[in-house]
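Shown next, in structure tokens, is the structure this report addresses.
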Amino acid sequence: DPTLDPHSAIPSYGFQPSATQKITPRNPALLHRSLAHEPDTVTHAGGISLTLSSGRTVIDACGGAAVACIGHGNDEVLDAAVEQMRHVSYVHTGAYTTSSAEDLAAIILDGNPYGLEKAFFVGSGSEAMDATMKLARQFFYERGNLERKNFVARKQSYHGTTIGAMSLSSNLPRKVPYEPLLSKNVSHVSPAYAYQYQLPEESEEQYVMRLAGELDDEFQRLGPETVIAFVAEPIVGATSGCVPAPAGYFRSVREICDRYGILLILDEVMCGIGRSGSYFAFEQEDVVPDIMTIGKGLGGGYAPIAGVLVSEKVVRGLRDGTGIFNHGQTYQAHPLSCASALAVQKIIKRDDLVERCKRMGHFLERQLRAALAGRKYVGDIRGRGLFWGIEFVRNGESKASFEPWVEFGYRVQRKAFELGVAIYPGAATVDGVRGDHVLLAPPYTVAEAELRVIVRVVAEAYGFAEGDVEQGNLI
Ligand code: PMP
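Going by UniProt numbering, the letters in the sequence shown line up with residues 8 to 482, in that order.
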């Protein structure tokens, strides 16, 4: 047998990667989002800047998608990550825990007055949403409430890419091809999106009452005793561009859920951990969720991590039943991720970055309004903390979005990138669904001078896009 002789050539079976094969940027082995366009290669990321392989530097004004909350390349986080890897790089959470995972849960939960009792860490926001769906179902399963099997979520929401999380989502461009694979146990009610959907003759209070009525009707249609939970983002991120709900909306939602014993799940993967100017976005809504998710600002991009925070009520439900949440992923609460996130959270607390985020957010809002309000195609400027969306409309009166092929938001984003500032483009409109936008989410450590540059460049990029439309230069 030739394989027993270490000096003999190992026979080749099937595919063998060649050591001499030249990998060129024209032939990437990585499957990118688009097979037609390769993304830029980033060779260095530090503070608020990204350096590209071309040598060009851009300001990262969106932190990926609202991820980099303390900026890039923070030495304290790097040291904590290395230190963790020296001591424990991996253990399975079915049998062990680590002090990083425990301390991370504690730094988030200790002293919270909201009855959030336990945390559960996974690798991404999508996984967190899937875990949440299972946890919520199990809460009822443990009590023998087997008929509870439905979720109600909202149109124009985004909860993730996995089959469960995508079932909850209603981001049509990302969802439509996979419809047959998705859960049939999820239905969707209207978003709380005043700029587009509050009627001109309606007060904010009446709009909230209409939305609350629709939710109640949906619970009635399904049979409230069959509903597990209502799921919503307190500030809608990726799909509509930083849309906070009208005042009183979440209080009404909480009330209706409580009426029928339905759980309230809040997805703070994007807007949580300080991004909105409070540590949790729900704190500005005067409600408390039964289960919630956090993600991007948790690890700040230093390692893949997201989390599920579970209320005392749901933990008790499990404890009174089997006492087991049988959802074991190989890499859950990974030590590297937990140690990195713990270092990020310590910095946020020590440097009072949530307060800073709120303060800088006010500054950003003033700058954005001064530079963009009243421009021909700027429909709405909205957000909280350092989480701001600018919505573009073809017609300020009707608020109709541009046709999808105009790609107005993408046009602004591409031009801003050329001019040296990275912002996050929104979904183009599909099937009459509205909302063409760009999103800004700089780190909480951003300086006023940097915000001035960001806003100046975004306004300039907008000017180019407006010019393209005016001149019919739309290819
Ligand atoms: N929920 C929300 C609100 C999000 O914005 C996202 C990601 N944009 C997710 C869930 C999914 O997170 P991930 O991409 O980490 O899976």
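All C-beta atoms in this analysis are idealised placements derived from N, C-alpha and C, irrespective of residue type, glycine included.
### Query
Just to check, is the beta-carbon of serine 131 closer than 6 angstroms to a non-hydrogen atom of the ligand PMP?
yes
### Message
At a cut-off of 6 angstroms, would you count alanine 252 as near the ligand SAH, judging by its Cβ distance to the nearest heavy atom?
### Response
This structure lacks the ligand SAH; its bound ligands are the ligand PMP.
### Message
For the ligand PMP, is there any heavy atom lying closer than 6 angstroms to the beta carbon of methionine 140?
### Response
no
### Query
For lysine 303, which option in Phe471, Ala87, His166, Pro35 has the closest C-alpha, if you only look at C-alpha atoms?
In terms of CA proximity to lysine 303, His166 leads the group Phe471, Ala87, His166, Pro35.
### Query
Measuring from the CB of aspartate 274, is there a heavy atom of the ligand PMP at a distance below 6 angstroms?
In this structure, aspartate 274 has its beta carbon less than 6 angstroms from a heavy atom of the ligand PMP.
### Message
For alanine 288, which residues in the same chain have their Cβ closer than 7 angstroms to its Cβ, ignoring the five residues on either side in sequence?
### Response
Pro241, Ile242, Glu275, Cys278, Gly279
### Query
For the ligand PMP, is there a heavy atom less than 6 angstroms away from the beta-carbon of alanine 72?
Look at alanine 72: its beta carbon is less than 6 angstroms from one of the heavy atoms in the ligand PMP.
### Three-way DSSP call (helix, strand, coil) for aspartate 82 in this model
helix
### Query
Terminal residues of the continuous alpha helix (DSSP H) containing glutamate 398?
First-last for glutamate 398: 394–399, but that is the beta strand (DSSP E), not the alpha helix (DSSP H).
### Task
Please classify methionine 299: is it buried, with 16 or more other beta-carbons within 10 angstroms of its beta-carbon, or exposed?
buried
#### Entry: Cβ neighbours of valine 361 in the same chain (closer than 6 angstroms, five flanking residues each side left out)
Gly281, Tyr286
### Cβ distance (whole Å) where alanine 423 is taken to contact valine 465 below 8 angstroms
6 angstroms
### Query
Does the stretch 181–197 come close enough to the stretch 139–158 to have 3 or more Cβ pairs within less than 8 angstroms?
yes
### Under the three-state DSSP convention, the category proline 9 falls into
Note that proline 9 scores a pLDDT of 41, beneath 50, so its modelled location is shaky and nothing firm can be said.
#### Entry: Nearest candidate by alpha-carbon position, reference serine 197, set Val295, Gly171, Ala239
Ala239
### Query
Can you tell which of Gly390, Thr104, Ala43, Asp47 has the C-alpha that lies nearest to the C-alpha of glycine 248?
Gly390
### Query
Is it true that the stretch 217–235 meets the stretch 248–266, where meeting means three or more beta-carbon pairs spaced less than 8 angstroms apart?
yes
### Query
So valine 234 is in the alpha helix (DSSP H); what residue range does that whole segment cover?
Element bounds for valine 234: not the alpha helix (DSSP H) but the beta strand (DSSP E), 234–239.
#### Entry: Contained alpha helix (DSSP H) runs [length at least 4] in the stretch 437–467, N- to C-terminal order
none
### Query
Between the beta-carbon of glycine 392 and the beta-carbon of histidine 444, is there less than 7 angstroms?
no
### Query
Nearest to serine 60 by CA position, among Asp47, Leu447, Lys353, Met140, is which residue?
Comparing Cα positions, the closest option is Asp47.
### Message
Any heavy atom of the ligand PMP closer than 6 angstroms to the beta-carbon of alanine 245?
### Response
yes
### Message
Taking only three categories from DSSP, how would you classify methionine 191?
### Response
According to the sequence shown, residue 191 is lysine rather than methionine. Lysine 191 falls in the coil class under three-state DSSP.
### Query
For threonine 139, does the three-state DSSP call read helix, strand or coil?
helix
### Classification of leucine 85 by the beta-carbon crowding that lies within 10 angstroms, buried from 16 upward
That one is exposed.
### Query
When you compare only the Cα positions, how much space is there between proline 9 and glycine 70?
Because proline 9 carries a pLDDT of 41, less than 50, the predicted location of this residue cannot be relied on, and no value is offered for it.
### Message
Against chain B, does isoleucine 280 count as a neighbour if the rule is that its beta carbon must be under 7 angstroms from one of theirs?
### Response
Within the model displayed, chain B is absent; a lone protein chain is all it includes.
### Task
Check whether the Cβ of histidine 39 lies closer than 6 angstroms to any heavy atom of the ligand PMP, and answer yes or no.
no
### Query
According to the neighbour-count rule (16 or more other Cβ atoms, all chains shown, within 10 Å of its Cβ), is asparagine 480 buried or exposed?
When all chains shown are included, asparagine 480 counts as exposed.
### Query
What three-state label does DSSP hand isoleucine 431 in the structure shown?
According to the sequence as given, residue 431 is tyrosine; it is not isoleucine. Three-state result, tyrosine 431: strand.
### Query
Starting from isoleucine 355 and walking both ways along the alpha helix (DSSP H), at which residues does that stretch end?
342–357
### Task
Keeping to the same chain, check which residues put their C-beta closer than 7 angstroms to that of alanine 472; ignore five residues upstream and five downstream.
For alanine 472, same chain residues with a beta-carbon under 7 angstroms away, outside a window of 5 residues either side, are Phe415, Arg418, Val419, Lys422 in chain order.
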